[in-house]
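Written out below as structure tokens is the structure these notes cover.
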Amino acid sequence: MIHESMHSRDSGKQSLGTTGCSQAQCRRSSVGFSEWSLASCLKAVVNSDSEIIARGRSGYKAAFPAFSISCLDAAIRPDDSADANMQSPGRSHAAFPRLAAFFSWISTRHRRADSLFDVKTSLAEALELLPVAIFAVDHNDRIAFANSCLAEILDYTREELIGARVDSFFPSDCDVDSSFPGLNEDHCRHTFDASTTRLLAVQRRNGGSFAAQANTVECHMHNRPFRITALHDRTGYCEVERSGKELAHLVRVSSLGELTGSLAHELNQPLTAILSNAQAAKRFAQSDTIDRMELNEALNDIVLANVRASEVIQKIRTLARKGDIDLLPLDIGSVVDDIALLVHNDGVIRDVRIAFDVGADLPKVYGDRVQLGQVLLNLILNAFDATKDCSPTDRTVETTVRVQPGGGVRITVRDRGHGLAPDQIDKLFMPFFTTKPQGLGLGLSISRMIVNAHGGRLWGENNEGKGASFHVTLPQRQPREEDAARRAS
Amino acid sequence: MSQANARVLILDDDALVLSGLARLIRAAGHSVECFDSAEGLLDRTDLADFPTCLLLDLQMPGMNGLDLQRRLQRRMPIIFLTGHGDICSSVDAMKAGAIDFLPKPVCEVSLLAVLDRALKIAVEEFNKRREREEIEERVGHLTPREREVMALVVTGRLNKQVASDLGASEKTIKIHRARVFEKMKTRSITELVRLFDKVQVRDAE
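Chains as they are written, first to last, in our numbering: chain S, 1 to 489; chain D, 1 to 205.
Here it is as structure tokens:
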């Protein structure tokens with residue numbers, strides 16, 4: 001399945017990947033990468049993915065039935081010296097950095113004569129075995145090697161790919177999405193052995209394109225520079241990312257739905273003021289002796305009420321907004337004020353006393369107004385629910401914002417409700433865990449996701465007296481993050 | 001219809017709404033007094049001194065509109081205003097004797113029409129109460145014996161019968177009877193019966 005014959009396009013030209021493997025036989029490539037131990041290749045990706053190993057094993061078995069699998073197993077056992085060489089501190093266990101390391105390792109190892117096993121094979125064969133789309137590009141930006149996996153996902157034959165310009169498959173060869181989370185932060189900046197990770201748009205034969213993560217390593221073979229790239233389809237990842245955003249939006253909208261009644265009231269109040277003032281003004285204007293002062297006051301109040309109504313609408317729109325995370329220097333007090341406005345009436349209807357206490361001299365945090373507002377709204381509505389069956393004196397929800405010792409701010413939403421059952425505390429932040437009949441069970445899990453993305457923490461605990469408290473800590477705005485913001489914009 | 005000193009009380013926790021409504025109602029020619037909390041209204045002890053009706057916001061922090069309605073025990077006609085009234089609270093309010101239940105924002109025509117109705121009721125109630133209080137005051141001046149005599153006289157019994165009922169002489173009863181007429185400031189027996197009925201009704205309530 002993995003093996004098929006590969007032919008040199010042009011024997012006079014140096015190219016990669018011109019080797020075929022047949023059963024129990026391994027022919028060397030005439031040109032290209034030097035000899036290589038297959039087991040060592042597999043070894044290089046050993047920690048990356050158990051599935052890859054399994055497929056590698058079966059590929060190995062199919063290709064080299066004469067050799068014992070135990071040799072391979074010995075080779076792919078962790079904690080081998082070769083593997084230890086590849087380990088760089090703090091490296092993630094993601095497959096792709098490892099593959100990149102693998103390529104880079106190859107470029108240094110191929111000169112050495114030693115190998116772990118007797119069986120020698122070419123790098124091209126090894127790459128062919130890997131169930132990952134891989135290609136090599138020469139210094140003229142032409143594809144010098146492509147494995148069958150790549151040919152399959154691009155829907156071209158290998159012959160068509162070899163020698164073709166790389167930019168015809170990867171238009172612009174640039175990032176699809178500069179805000180692709182994880183990549184910017186961890187991978188792109190993190191280069192080892194001259195490897196890079198990017199998200200690319202990959203074009204298929206039929207013109208359709210998909211997002212793929214590309215790990216590229218630069219190396220020299222016979223003093224010629226090559227770039228070897230492994231591609232991984234990230235369409236699914238992007239979809240998950242998108243549905244995550246959709247879900248967060250959905251939860252926000254459903255929280256707004258819970259507030260519909262209160263929001264109607266928040267709008268009806270200024271509308272009532274506007275209408276009655278306008279009608280009064282009309283009467284003043286129609287009377288024989290116009291009281292200009294009174295008329296003026298009525299008109300002023302109309303303007304004030306109008307401003308207030310617009311603010312309410314603005315808050316609703318902000319919260320209902322769909323869109324990407326918008327990280328900006330943020331006065332957390334103003335976020336709390338916005339939410340206070342939105343929940344005020346809900347508190348009145350549910351007969352819950354709400355108190356907001358925003359400390360002085362709070363440092364600015366770096367965050368998304370909508371998302372942090374969503375977290376706060378969620379915590380306060382939860383607290384309302386928690387106090388539902390309590391005596392009127394216990395129906396209190398206090399929100400305090402304080403400077404967090406050591407930098408940043410801490411928001412605490414405290415209720416005097418029924419508290420958290422000991423067996424609930426661990427599950428609270430799990431998706432779809434809910435104690436409410438109509439609950440989605442996503443509020444807290446999404447809230448924690450948001451807070452974590454802000455570099456903060458969200459946790460809940462029972463109070464010493466009655467009820468529970470939920471705390472959000474957010475780090476202080478950092479100069480480095482400002483740079484990131486500029487880059488993002 | 002409205003008496004000169006009749007007053008519209010407005011209670012809303014929202015200052016802008018309060019002043020807007022007050023302005024409109026004043027412009028329509030009524031006296032207005034504003035309150036921003038139920039407690040503030042309950043603290044006023046002189047509200048019985050003139051006819052009042054109350055324009056009341058249903059949702060307020062602290063004591064809400066329905067709570068206040070219970071506390072006021074039908075002392076004044078109440079019109080509820082609400083941002084989003086649910087059926088439950090409107091039914092409760094009407095059962096407890098509210099004049100009407102108006103949604104915010106409220107239009108001038110319906111608000112003033114309802115206010116006129118409420119003020120009319122307020123004035124009628126006020127006058128009735130005044131009269132009753134006056135009669136009660138007169139009754140308060142009667143001696144226990146005179147009250148016994150009055151209670152029998154209004155049932156249509158003759159002096160002779162009353163005397164026998166109470167075991168007194170007819171002459172004594174005549175003197176009591178004259179005192180009752182004098183103290184109750186009435187000359188005819190029909191008038192006395194009417195006054196007596198008014199306080200009786202009050203006692204029965």
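A virtual CB, placed ideally from N, CA and C, is assigned to each residue, including glycine.
Separation of the CB atoms of Ala280(S) and Ala27(D) is rounded to 4 angstroms, and the pair is thereby assigned contact status at 8 angstroms. Between the stretch 449-456 of chain S and the stretch 380-397 of chain S, the count of Cβ pairs shorter than 8 angstroms is below three; the stretches do not touch.
Below the 7 angstroms Cβ cutoff, chain S contributes Asp301 as neighbours of Ser19(D), in chain order.
One alpha carbon belongs to Ala151(D), the other to Glu133(D), and they sit about 19 angstroms apart. In the three-state DSSP reduction, Arg74(D) falls in the coil class, being neither helix nor strand. The alpha-carbon separation between Glu125(D) and Pro77(D) amounts to approximately 9 angstroms. Taking the CA atoms as reference points, Ser90(D) sits about 21 angstroms from Glu108(D).
At least 8 angstroms separates the beta-carbon of Arg138(D) from that of Met63(D). Any Cβ of chain S closer than 8 angstroms to the Cβ of Asp14(D) would place that residue at the interface, and such an atom is present.
Not a single C-beta of chain D is nearer than 8 angstroms to the C-beta of Phe356(S). Distance from the CA of Arg117(D) to the CA of Val123(D), rounded to the nearest whole angstrom, comes to 10 angstroms.
Within chain D, no C-beta atom comes less than 7 angstroms from the C-beta of Phe384(S); the nearest is roughly 14 angstroms away.
By the beta-carbon neighbour count (other beta carbons within 10 angstroms, threshold 16), Arg414(S) is buried.
Of the candidates Leu47(D), Arg147(D), Asn159(D), Ala38(D), Ala38(D) places its Cα closest to the Cα of Asp12(D).
The shortest CA-to-CA distance from Leu195(D) to any of His176(D), Gly167(D), Leu102(D), Thr155(D) is the one to Thr155(D). Ala230(S) and Thr318(S) have their C-alpha atoms roughly 41 angstroms apart. Three or more beta-carbon pairs drawn from the stretch 397-411 of chain S and the stretch 343-357 of chain S are found closer than 8 angstroms, and the two stretches are therefore classed as touching. Ala113(D) is outside the set of residues whose beta carbon lies under 8 angstroms from a beta carbon in chain S.
Fully enclosed alpha helix (DSSP H) runs of no fewer than 4 residues occupy 422-425 of the stretch 394-432 of chain S, in order along the chain.
The alpha-carbon of Asp361(S) is positioned some 54 angstroms away from that of Phe169(S). Secondary structure remark: continuous alpha helix (DSSP H) runs of at least 4 residues inside the stretch 281-324 of chain S, in chain order: 292-320. In the three-state DSSP reduction, His344(S) falls in the helix class (H, G or I).
Taking a C-beta cut-off of 8 angstroms against chain D, none of the residues of the stretch 446-463 of chain S qualify. Its Cα nearest to that of Ala264(S), the residue Gln59(D) stands out among Gln59(D), Glu148(D), Ser19(D).
Counting only residues of its own chain and dropping the five nearest sequence neighbours on each side, Lys104(D) has a CB closer than 6 angstroms to the CB of Leu81, Gly83. When Cβ-Cβ separations below 8 angstroms define contact, Gln269(S) makes contact with chain D. One Cα belongs to His139(S), the other to Ile162(S), and the distance between them is close to 14 angstroms.
In its chain, beyond the 5 residues on either side, Leu81 have a beta carbon closer than 6 angstroms to the beta carbon of Leu102(D). For secondary structure counted as the beta strand (DSSP E) over 3 or more consecutive residues, the stretch 59-116 of chain D holds these complete runs in sequence order: 78-82, 100-103.
With fewer than three CB-CB distances shorter than 8 angstroms, the stretch 344-353 of chain S does not count as touching the stretch 294-309 of chain S.
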